[in-house]
Amino acid sequence: MTYPEPSYFGDKGEISATFRPAGHQPDLTYQNGNTVDYLATGASTGGKFGLYRWNMGPEPSGPGPHFHRSISESFFILTGTVRIFNGDRWIDTVPGDFVHVPEGGIHGFRNESGEPASMLLHFSPGAPREGYFEGLAELAVSGRPGEEELAEFFLRHDNHWL
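Under the numbering used here, read the sequence shown as residues 24 to 185, first letter to last.
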């Protein structure tokens, strides 16, 4: 493994860092109160990765087993206990635990602890997952579409359910 080809060719570097203060309002709030903070989107990282803070309330929530064909997904637990499916079994993860799932890896996550929990979700490359998260929130409000429309939504967002 070697470093990738350079993508910056300047001699002095540039001022280009982004900053999101801790008190920033969530970018998305689900009907159940769960929130998502878009820390870095594929659009803001030139498609290299996406990083999101996922905050779950005490009510059980989270997706069941699925996989992605084009993106890897990683989880870093910040607070609480999050159950993560590793393709074989559900693991109770706690703050500081890290799980990486390569493309095609079966996974899922759930907060079933009865307490709030939060984690960082990292996707690589930086697919536009915001559209998926926002679409799910809209479906929760507007109701479930027909099977064909729902299947197209999941396919468009590279979500393959088991």
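For glycine and all other residues, C-beta sits at the position ideal for the given N, C-alpha and C.
What distance in whole Å lies between the Cβ atoms of residue j and residue i, which are believed to be in contact at a cut-off of 8 Å?
| i | j | result |
| --- | --- | --- |
| residue 92 | residue 183 | 7 Å |
| residue 156 | residue 121 | Between residue 121 and residue 156 the Cβ distance is about 21 Å, and since that is not below 8 Å, they are no contact. |
| residue 104 | residue 163 | Contact doesn't hold; Cβ gap of about 24 Å is too wide. |
| residue 149 | residue 72 | 5 Å |
| residue 129 | residue 116 | Their Cβ separation, rounded to whole angstroms, is 16 Å, which puts residue 129 and residue 116 out of contact at 8 Å. |
Starting from residue i, trace the beta strand (DSSP E) in both directions and tell me its first and last residue.
| i | result |
| --- | --- |
| residue 96 | 95–102 |
| residue 58 | 58–63 |
| residue 46 | Here residue 46 belongs to no beta strand (DSSP E), and DSSP marks it neither H nor E. |
| residue 106 | 105–108 |
| residue 70 | Counting along the chain, residue 70 falls outside any beta strand (DSSP E), and DSSP gives it neither H nor E. |
In or out: residue i buried (at least 16 other Cβ within 10 Å) or exposed?
| i | result |
| --- | --- |
| residue 142 | buried |
| residue 152 | buried |
| residue 126 | exposed |
| residue 114 | exposed |
| residue 96 | buried |
| residue 167 | exposed |
| residue 24 | exposed |
| residue 123 | exposed |
| residue 30 | exposed |
| residue 26 | exposed |
| residue 69 | exposed |
| residue 38 | exposed |
Which residues bound the alpha helix (DSSP H) around residue i?
| i | result |
| --- | --- |
| residue 174 | 170–179 |
Leaving out five residues on either side along the sequence, give the residues of the same chain with a beta carbon under 6 Å from the beta carbon of residue i.
| i | result |
| --- | --- |
| residue 133 | 85 and 106 |
Once the 5 residues before and after residue i are set aside, which same chain residues still bring their CB inside 7 Å of it?
| i | result |
| --- | --- |
| residue 43 | 62 |
* May I have a chain-ordered list of the alpha helix (DSSP H) segments no shorter than 4 residues that lie completely inside the stretch 117–166? => Complete alpha helix (DSSP H) runs here, min 4: 152–165.
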